[in-house]
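Engineer: Following this note's numbering, the numbering of the sequence shown begins with 100 at its first residue and continues without gaps. Handing you a structure now.
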Amino acid sequence: MNLTEFLIMFILLISCQHLNASNLLNSSPIADTIPVKSLEEVTVTPHQQTDSLRRTSYIPDRNALKSSQNGIDLLNRMGVPQIEIDPVTKTIQAVGGGDVAIFIDYIPANKDDLSNMLTADVRRVDYYDHPSDPRFLNNTRVLNFIMRRYNYGGYVKLNAGEDFLIGKGNIQGMARMRYKRMTYDVMGLSRYESNGHTGNERVELFKFPEQTFTRHTSFSKAKYRQQYHQANARALYNSDKITADNRIGFGLENIPHNDFNGTVTYDGIGIPTSVYHSLENEKNKFLNFLGEYYFNLSDRFSLSSDIDYTYSMTKDHSSYLEENFNKIINNASDRTQTFDATILASYNAGSNTRLNMQGRLHHAHSHTSYSGSVSVLERSDITMGMVGVNGSTTLGNLYGYAAFGWRWIRSSLNSKRSLTSEPYMDLFLKYSINARNSISLTFHHAQWEPSQNLKSEIQMQVSPFMWHTGNPRLKAYKSYDLGVTYMLLPSNRLNVAVFSGLCAITDRYCYIYEPMQDNTGILRTIGQPMGLYAFENVGAVCTLRLIDNRLMLRGNITQIFYQNRKPYYHNISYTKLSLQAFYYLGDFNFSASYDAPKRYYDGSSTPAIIKSRDYYAISAGWAKGAWNLNLSLRNIFRWDWKTFESVSDYECYSDRTTYYGTDRHANIALTATYSIDFGRKTNRENELREQQLNSSGILR
């Protein structure tokens, strides 16, 4: 068959097929012999919480995203079992104790970044224990927000809040602009506090060799005023290979009044009842630069670094006047500079194995002058160098992490100098039974250098019968931490964490009270080494979601045991309990929370036992479009100003102090956020954060 005959046959075949199709279309329909059945709708629910070897991931539901005013609010509504959030301070900690580092898209952040976050852009929150990713800079515990990314545009967000019954308020504004790989931020923040209820009452027992007497200080009138202002600017370059984040901030804190007065009564000594006046004011200024950098050099090598510099100025004035005694005046002026730089080199060895090497340099210089009851000038320097290595690997269902390093610390106070070296070590193992069950074990050992202000040799009078001094011979103390955690994530509706931990501190320093040589007063000194201080805990956290995620219930119960050995020889324990509930109804949301009273030591260097009051709150919120409003009633049935009590008993001195303030008083709080986008696209990750005041070298 030639080509012409083939084309003719092909055309005839197509024509026949067309005629047959036309006949079929024009003819009567033929009954289908296969019965037709209606199929039910199939809904595929994604896993909102999954546990893997290196991280635990949580996807927020639409109710939590819509109702949250900021990142901390979102974490509360997500019910992440590894963390707990203080209802008053909003600080984030691990449920078994310990700090949690906050990151947004692998860039360091803190709670002020979270307050500026637009939660609608949060895609996922990952929790890490001992991560090997070099961008996390060897932090032990990490929460990392994964955000929706944009190419260009910007937004403005305003936050405002007022606590109507206790005299507190704040306003914060932020503007962001992004173009391609560059992001620019500016932020302003102001907050105030004004009340007449901040003070304390105390009963002191002074025990001298030949005399014992009681001093009772009552509290009748107070005046507290505080203002804080801050401005920050930021420039961020972010690409697949390079991240460069530069921030500069300036802050001013002014406390013009921290005044209170009352009466003083003595028993066991011939001093009549008298009136006292306590006045204090303080000013703090700081300038801060923070740089975070990451360089992805190849598939196997990367470098991470951060640089932090702060210059701060602090002025403090206090006076105490009691009838029958001379006026006590203490003035202090401090200038402190701190510089901190870290560099971390990372090597991906393949087969799920990574090796990191870290170096760190820290230097702080303080210039502190005292006048009043004591006149002296102190200069202190502390320089720390550190090198360390860590590695991680996975083997089947097992993830392992190990770190070891050494720190060298050179410190000087006036003419006295010291040089110490101290090791640190971390071990972490996690066994993942499956995506819903895992168990982990952690161990940490380190040594810690006491703060320089504790090494001051001056003797400062703080009341008619009390002086404070430091100890220039203080050395590093040791800590040992051991913990185990079991995680259960059976479904999107339920998560459970069961944990137990032990922390022990040895070679610690402790406050010691002893009579002065002339028996005219008690001198508080600092002694070292002292006996063991330890606390153990065992607890469980459970989160349950019901009614199509419109109701969330969360509970945390922990039993804590404390041991406080030489020189105090005292043990305590208490049960820690917190409960939360969230309910969503359209654009409205409702919540309730309760924190039981707490009983714990005021640090590892004192026998003082803190007894705090319980905390309860209910709130209602409304969120739609750019607006998010929330009204909270906190401790609404409590109309006294008592916050907590501190009780301590030393060999020569005992003290029972009741503190008054606003934290546990009835409060009606209104908070509002408003955000508006501009440009075609916006980027809402890595929000600018409030910088922190630098610590001063003033003896307290």
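Using N, Cα and C, we set each Cβ at its ideal position, and we do this for glycine too.
1. Over the uninterrupted alpha helix (DSSP H) stretch that includes L173, give me the two end residues.
2. Along the alpha helix (DSSP H) that carries L164, what are the first and last residues, could you check?
3. So within the region 398–466, which uninterrupted beta strand (DSSP E) runs reach at least 3 residues, ignoring any that extend past its ends?
4. Might you give, ordered along the chain, the residues of its own chain that have their beta carbon closer than 6 Å to the beta carbon of Q679, omitting 5 neighbours on each side?
5. Grab the span of the beta strand (DSSP E) containing D754 for me, first residue to last.
6. So for R763, helix, strand or coil by DSSP?
7. Would you grab the beta carbon distance between N215 and M286 for me? Rounded to a whole angstrom, and I think it's under 8 Å.
8. When burial is assigned at 16 or more other CB atoms within 10 Å of the CB, is S540 buried or exposed?
9. Rank Y500, M485 and T493 by C-alpha distance to the C-alpha of T519 and give the top, closest one.
10. Helix, strand or coil for Q147 per DSSP?
11. Starting from D211, trace the alpha helix (DSSP H) both ways and give me its first and last residue.
12. Please report how far the alpha carbon of G252 lies from the alpha carbon of S289, in whole angstroms.
13. Excluding the 5 residues preceding and the 5 following Q168 in the sequence, name in chain order all residues of the same chain whose CB lies nearer than 7 Å to its CB.
14. Can you round the beta-carbon distance between Y576 and Q546 to whole angstroms, since I take them to be within the 8 Å contact cut?
15. Three or more beta-carbon pairs under 8 Å between the region 596–607 and the region 630–643, yes or no?
16. Output the boundary residues of the beta strand (DSSP E) element that contains R572.
17. I need the boundaries of the beta strand (DSSP E) containing K306, first residue and last residue.
18. Going by C-alpha to C-alpha distance, which of Y585, H461, I709 and K384 sits closest to R698?
19. Rounded to a whole number of angstroms, what is the C-alpha to C-alpha distance between R737 and D160?
20. Among P571, R623, Y759 and L528, which has the Cα closest to the Cα of K322?
21. DSSP puts H356 in a beta bridge; with which residues?
22. Please classify N383: does DSSP put it in a helix, a strand, or coil?
23. Once you ignore the five residues that flank M276 on each side, which residues in its own chain have a CB closer than 7 Å to its CB?
24. Name the residue from A330, I532, R176 and Y469 whose alpha carbon lies nearest to the alpha carbon of Q271.
25. Is A534 helix, strand or coil by DSSP?
26. Among the candidates L443, H461 and Y585, whose CA atom is the shortest distance from the CA of R453?
27. With C-beta atoms as the reference, is F527 less than 7 Å away from L581?
28. Would you mind working out which of Y393, Y673 and Y749 sits nearest I341, comparing C-alpha positions?
29. Quick one: grab the DSSP three-state call for R280.
30. Comparing alpha-carbon positions, which option in Y446, T435 and A448 lies nearest H462?
31. Tell whether a beta-carbon distance below 7 Å holds between N766 and G720.
32. Return the first residue and the last residue of the beta strand (DSSP E) that Y610 is part of.
33. Over the uninterrupted beta strand (DSSP E) stretch that includes I508, give me the two end residues.
34. In or out: L102 buried (at least 16 other Cβ within 10 Å) or exposed?
35. Looking at the unbroken beta strand (DSSP E) that takes in R698, where does it start and where does it end?
36. Counting Cβ pairs, one atom from each stretch, are 3 or more of them under 8 Å apart for the region 424–432 and the region 394–402?
Structural biologist: Short version:
1. Counting along the chain, the unbroken alpha helix (DSSP H) around L173 starts and ends at G170 to M177.
2. That run of the alpha helix (DSSP H) goes R161 to S166.
3. If we require 3 residues or more, the beta strand (DSSP E) runs fully inside the region 398–466 come out as 400–421 and 427–449.
4. Excluding sequence neighbours, Q679 sits near R653 and S692.
5. D754 -> beta strand (DSSP E) spans Y752 to Y759.
6. In this structure, R763 counts as coil in the three-state DSSP scheme.
7. Their Cβ separation, rounded to whole angstroms, is 7 Å, which keeps N215 and M286 in contact under 8 Å.
8. A quick correction: the sequence has Leu, not Ser, at residue 540. Counting Cβ neighbours within 10 Å, L540 comes out exposed, since fewer than 16 surround it.
9. Cα-wise, what sits closest to T519 is M485.
10. It is coil, neither helix nor strand.
11. K210 to S214 is the span of the alpha helix (DSSP H), which, as asked, contains D211.
12. Distance between the alpha carbons of G252 and S289: 26 Å.
13. By the criterion of a C-beta distance shorter than 7 Å, Q168 is surrounded in its chain by N727, N729, T770 and T772, once the five residues flanking it on both sides are discounted.
14. So it is a contact: roughly 7 Å between Cβ atoms.
15. The region 596–607, when compared against the region 630–643, does touch it at the 8 Å Cβ threshold.
16. Segment: none, R572 is in no beta strand (DSSP E) and carries neither H nor E.
17. For K306, the enclosing beta strand (DSSP E) stretches over residues G298 to F307.
18. Cα-wise, what sits closest to R698 is I709.
19. Each residue's alpha carbon lies about 35 Å from the other.
20. Measuring from the Cα of K322, the nearest candidate turns out to be Y759.
21. R324, per the DSSP bridge assignment.
22. N383 sits in a strand when the DSSP states are folded into three classes.
23. Same-chain partners within the cutoff: G253 and Y283.
24. Looking at the Cα atoms, A330 is the closest of the given residues.
25. Collapsing the DSSP output to three states places A534 in coil.
26. That would be L443, whose Cα lies nearest to the Cα of R453.
27. A distance of 7 Å or more separates the beta carbons of F527 and L581.
28. When each option's Cα is compared against that of I341, the closest is Y393.
29. In this structure, R280 counts as coil in the three-state DSSP scheme.
30. Answer by Cα proximity: T435.
31. Going by C-beta atoms, N766 is not nearer than 7 Å to G720.
32. Where Y610 is concerned, the enclosing beta strand (DSSP E) stretches over R607 to P614.
33. That run of the beta strand (DSSP E) goes L497 to L512.
34. In this predicted model, L102 has a pLDDT of only 39, less than 50, meaning its place in the structure is not dependable enough to derive any value.
35. Counting along the chain, the beta strand (DSSP E) containing R698 begins and ends at R698 to Y700.
36. In short, these stretches do not touch, since the Cβ pair count stays below three.
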